[in-house]
Amino acid sequence: MMKMSPGADAIVIGGGLHGTCTAIHLALKGLRPIVIEKNSVGRHASGVNAGGVRQLRRHPAEIPLSIAAMDRWMNLGELLGKHASMCEFVGNIGQIAVAETAADMHPLEERAAELKRMGWMHEELIDRDELRRLAPAVSEHCIGGLISRRDGQATPYLTSQAFRLRALDLGVRFEESTRVIGMDHGARWNVQTSVGAFESDILVNCGGAWGWQAAAMVGETLPRGHFASTLMVTARMPHFLDPVIIGTGRKLSFKQTDNGTVVIGGGIFGVPDLEKETADPVAERLRVSAQTCSILFPVMRRATIVRAWAGLEARMPDDIPVIGASQTAPAMWHAFGFSGHGFQLSPIVGSLLADLIVDGKSPLPIEAFRPGRFNEGILELDPTAA
Amino acid sequence: MSNERHDLAVIGGGPAGMAAATTAARLGLDTILLDEQPAPGGQIYRNIEQLTRDGDLDLLGEEYRRGADLAREFRASKAAYRPNSTIWQTSPDGRIGLTGPDGARMIHAARILLATGAMERPVAVPGWTMPGVMGVGAVQALMKASGVVPDTPVVIAGSGPLVYLVATQLARAGCTVAALLVTTPGSRIAGALKELPRALLAGRDLLKGLAWMNEVRRLGIPTTNGTSHLRIEGEDRAEAVSYGADGARKRIVAELVLLHEGVIPNVQLSLSTRCRHVWDETQACWRPETDEWGATSEERIAVAGDGAGILGAQAAEPLGRIAALDAAFRLGRISQVERDLQAKPERAELARHGRIRPLLDRLFHPAPESLAPTDPDTIVCRCEEVTVGALREAVRLGGEDPNRAKVFTRCGMGPCQGRMCGPTVSAVIARESGHSIQEVGTYRIRIPVRPIPLTALADLVGDEEGLPPGGSTL
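Sequence order for the protein chains is S and B.
Just so we're on the same page, the working numbering is the position in the first sequence counted from 1, plus 665.
Just so we're on the same page, the working numbering is the position in the second sequence counted from 1, plus 96.
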């Protein structure tokens, strides 16, 4: 494994949260990173996701990272300094997967048991009374759920901007509206872009939905799956909910923000267009989301939807990201493909990656995310997935 | 379940929409007109059928009769009609989302003609969001819809022909117009005079405007020309207006202040449909890029009437008919030769009505201060109460376009989705960042373009046949 010395130059492709966080940590280790972003920082998935800071129901391989990330969310000041408050992070409100029926409750019980066997304690079953106490607005027919009590929420776009401002403080350079058109490795990396060439010792691909394209430029085939995750938001409503609620038998992610608006998402897809770099919400598909809300939250029958949007995000066949060294190119690393749940991991992945790049070793296990896994036969899918 | 389908959906029931739908139906297109109002007429000819039936046209003036003819021709046509419909989506693929008396539904059309007309330019002066401040056009709309006029004295402040017209209409209806504060700078007159010879060709239109100004004098409405830096004063509602005039600061007590700085295209739907837009320096507004047929950058979408640039109600009619001819051509119902032939008289009519426009655009161009207010405490986005100062800070942090500034400040995130603050936000950011308004751009508008009750969305009629998948796992 190649190690990088302080003073080396690094190019990070992609100004999303993971790219920016990687740049922050490389800069903290004395490297001089440049972030190359084809649009603007946080323009796509990083800035427009649901903002859930969730440990609940993570893929087992992600749990160690998710718990470490949660510690960082709880101490954002250490990572972001004076910009921490910009993220509007609220923790310890809990995320609850809510069960309407015994059939919903069953997989949650299995999940809780499985996690206990693995030694994780952060997810616990709650009964009807505890659900009622924590979230009285949830419909009375719900019988309980699974909770992760430390979980919370933050504002995605502002979080991306807080990361950017912190990176700027550390001397990271951002080249926005700059499109990578090719790259090759001679003595160093030479990355050709729409505004000219950049050189560096190392290269990190945090290209999100377009990450596979950067890989393809060095002859590496990685899954190119992507999707348009959709959200909608209501006009302000009187406060009725603290925790974030996610569905078990139905697709839902549901939270009320500090300003009273309710953000509704969870597995509803719009129409993605990787080429035009657009993602459009689809009313005909949001209908089921509206139905779900009015069933699970009677108060929502008075709600008004003021805006819907969709974001472009990479999706891996096994729904977990690619994190690790390139299989084909020297001094190149990948971190993308978070499959719709990378937001909570954003304070940790760049940190692990910087350790991996500079010290040659990640302090947390990332073997499961190795880029090569797609060439190794049948993928291991999440054994605990509902 | 299968979706409702039409050849052409016309959005908006003003002069452009009525004329377009009538023409398209005549040419054999299965046409539907969708409109928010309960009856045809649009903003300009609002409630025209009722007013005609009741013989109430006197209050508004003779020229409104034209609207009654248009409405009658439209009613006699084969075009389908869905009034009371709030349109919250138009898509490049021809899908339309609306909420009507029987709930929310999707309609599919081979082509969409946006005839969404004009809206009053928001006038972001200090205090403009307080109760007791309204648009001149909003008051006129009330007068047309229900014959209501304010029962307290009003102060009218602003510029443009509508200011004079509404001042006289209110005065004739028995309302006291305590003052007319005209914000058109005196220096404009000389420049505007250059456009006068061409405007003289407009004849009747020019005379009409002069007649309104004359009427203001005749009715004895106290008028101050060349006023600037308006400020609405008051604790929690309008109590007075202060302004600069003749080098001094003056003040007049006013419980009801009516503001107006002209009208701008209503572009929320064309923006949300991703039609390419340009900042029109002459008219100081965003408008969709259109060709001589009203066609936009989106294959299935056209725009006719003031929604494509302000030309007025009389120009909107031929523009609507021209766009309908092009729709019939593109759908294979008439030949190109036939289209061009039928468009000829329409273009001649259009040219007649366009003659006055350069004079108006020059004379009533909004002052820089009203386009991009400088006072840091002035509210720009009224839904989220975002000030000029907050926008300035957002630009400093990197919010150098409206979409980024939006997330820093929440401007444009309220129920109107930036309809009211869009042009002001773009102009303020442009000034603060040193870019042009065109470079700075405007908000990306998302569905629902107008708010929709969650329960209506839950019962949405329409299926997703033919829509692309939500993702790929290649």
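Even glycine gets a Cβ: it sits at the ideal position worked out from N, Cα and C.
What residues in the stretch 540–559 of chain B bring their beta carbon closer than 7 Å to a beta carbon of chain S? R542, I543, P544, P547, I548, P549, L550, T551, L553, A554, L556, G558, D559
Determine which residues of the stretch 489–511 of chain B have a Cβ less than 9 Å from any Cβ of chain S, and write them out in chain order. L493, G494, G495, E496, D497, N499, R500, K502, V503, F504, R506, M509, G510, P511
Show which residues of chain B have a CB atom less than 7 Å away from the CB atom of S/V947. E560, L563
Taking buried to mean at least 16 other C-beta atoms within 10 Å of its own C-beta, is S/R719 buried or exposed? buried
Got a sec: which bits of the stretch 189–218 of chain B sit with their beta carbon under 7 Å from any beta carbon on chain S, in order along the chain? G193, M202
Looking at the secondary structure, which residues open and close the alpha helix (DSSP H) in which S/H683 lies? 682–693
Pick out the complete alpha helix (DSSP H) segments inside the stretch 106–150 of chain B, 4 residues or longer, and give them in chain order. 111–122, 144–149
Please classify S/M735 as buried or exposed, where buried requires at least 16 neighbouring CB atoms within 10 angstroms. buried
So, for S/T623: in the same chain, excluding its five sequence neighbours on each side, which residues have a beta-carbon less than 6 Å away from its beta-carbon? Look at the range of chain S in this structure, 666 to 1051, and you will see that residue 623 of chain S is not part of it.
Specify whether the stretch 407–425 of chain B and the stretch 364–377 of chain B touch according to this definition: at least 3 beta carbon pairs, one from each stretch, less than 8 Å apart. no
Looking at the unbroken beta strand (DSSP E) that takes in S/H891, where does it start and where does it end? 891–899
Mapping the DSSP letters down to three states, classify B/A486 as helix, strand or coil. helix
Beta bridge counterpart(s) of S/F839 as assigned by DSSP: S/V700
In the DSSP assignment, find the alpha helix (DSSP H) that holds S/F828 and state where it starts and stops. 821–834
Buried or exposed: which applies to S/G707, given that a residue is buried once 16 or more other Cβ atoms fall within 10 Å of its Cβ? buried
Pull up the distance between the alpha-carbon of B/D342 and that of B/H325, whole angstroms please. 12 Å
Going by C-alpha to C-alpha distance, which of S/I1013, S/V883, S/P995 sits closest to S/S731? S/I1013
How should S/A768 be labelled, buried or exposed, when 16 other C-beta atoms within 10 angstroms of its C-beta is the threshold for buried? exposed
For B/C477, list the residues DSSP reports as bridge partners. B/V482
Bridge partners - S/R972, DSSP secondary structure assignment: S/V898
Using a beta-carbon distance below 9 Å, is S/F892 in contact with chain B? yes
Using a Cβ cut-off of 7 Å, which residues of the stretch 907–940 of chain S contact any Cβ in chain B, in chain order? F934, G935, V936, P937
Residues of the stretch 950–978 of chain S with Cβ closer than 7 Å to any Cβ of chain B, in chain order: R950, L951, R952, A955, Q956, C958, S959, M965, R966, A968, T969, I970, V971, R972, A973, W974
Reduced DSSP category for S/E795 - H, G, I as helix; E, B as strand; rest coil: helix
Mapping DSSP to helix, strand and coil, what is B/L277? strand
Taking C-beta pairs closer than 9 Å, name the residues in chain B that S/L823 reaches, listed in chain order. V503, F504
Show which residues of chain B have a CB atom less than 7 Å away from the CB atom of S/L741. Residues of chain B passing the Cβ test: none, with the nearest at roughly 17 Å.
With H, G and I counted as helix, E and B as strand and the rest as coil, what does DSSP make of B/P464? helix
Are the CB atoms of B/I317 and B/A253 nearer to each other than 9 Å? no
Should S/A675 be labelled buried (16 or more other beta-carbon atoms within 10 Å of its own) or exposed? buried
Within 9 Å (strictly less), CB to CB, does S/V889 reach chain B? The residue you asked about is not Val; residue 889 of chain S is Arg in the sequence shown. Answer yes: the Cβ-Cβ gap between S/R889 and chain B drops below 9 Å somewhere.
Please return the same chain residues whose Cβ sits closer than 7 Å to the Cβ of S/P729, not counting the five positions on each side in sequence. L1029, P1030
Do the CB positions of S/K694 and S/V1023 come within less than 9 Å of each other? yes
By Cβ distance below 6 Å, which residues in the same chain neighbour S/V869 in space, the five residues on each side in sequence not counted? V677, T687, W998
So which residues of chain S does B/Q513 contact, with C-beta pairs closer than 8 Å? V971, R972
For chain S, is any of its Cβ atoms less than 9 Å away from the one on B/Q364? no
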